[in-house]
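Reviewing the structure listed below.
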Amino acid sequence: MRMTRLLIIVLASLSLLACSDYQRARSAYEGGNYPKAFELFKKMSEAGDIRAEYDLSLMYLQGIGTKQDLN
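For what it's worth, my numbering labels the leading residue of the sequence shown as 7, then goes sequentially.
What follows is the structure, given as structure tokens:
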């Protein structure tokens with residue numbers, strides 16, 4: 007029982023950290039700081055964050071914060 011509670015707390019904490027990273031990236035993007043947003047989205051994408059992968063793909067597609075890549 008104790009181990010289950012600890013596991014739940016750890017998983018919840020990790021989820022909150024992931025959300026805060028994504029929020030920082032979105033804030034950078036919405037504030038026009040595209041290089042910072044690109045950097046954060048790329049880092050999260052490499053870690054497997056699907057939301058960041060999507061946003062990063064849009065940045066590549068539209069050439070925002072990076073050279074446009076249609077491939």
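Even for Gly, the Cβ is constructed at its ideal location relative to N, Cα and C.
Taking the CA atoms as reference points, aspartate 75 sits about 14 Å from tyrosine 60. Between the beta-carbon of leucine 62 and that of lysine 48 there is about 6 Å, and that keeps the pair under the 8 Å contact cut. Close CB contacts of alanine 43 within its chain, under the 7 Å cut and outside five residues either way in sequence, are with Ala31, Ala34, Tyr35 and Gly71 (chain order).
Each residue's CA atom was taken as its position, placing glycine 37 and asparagine 77 some 27 Å apart.
By the neighbour-count criterion, in which a residue is buried when 16 or more other Cβ atoms sit within 10 angstroms of its Cβ, methionine 50 is buried. It is roughly 28 Å from the alpha-carbon of arginine 57 to the alpha-carbon of arginine 11. Looking only at Glu45, Tyr66 and Met7, the smallest Cα-Cα distance to tyrosine 28 is reached by Glu45.
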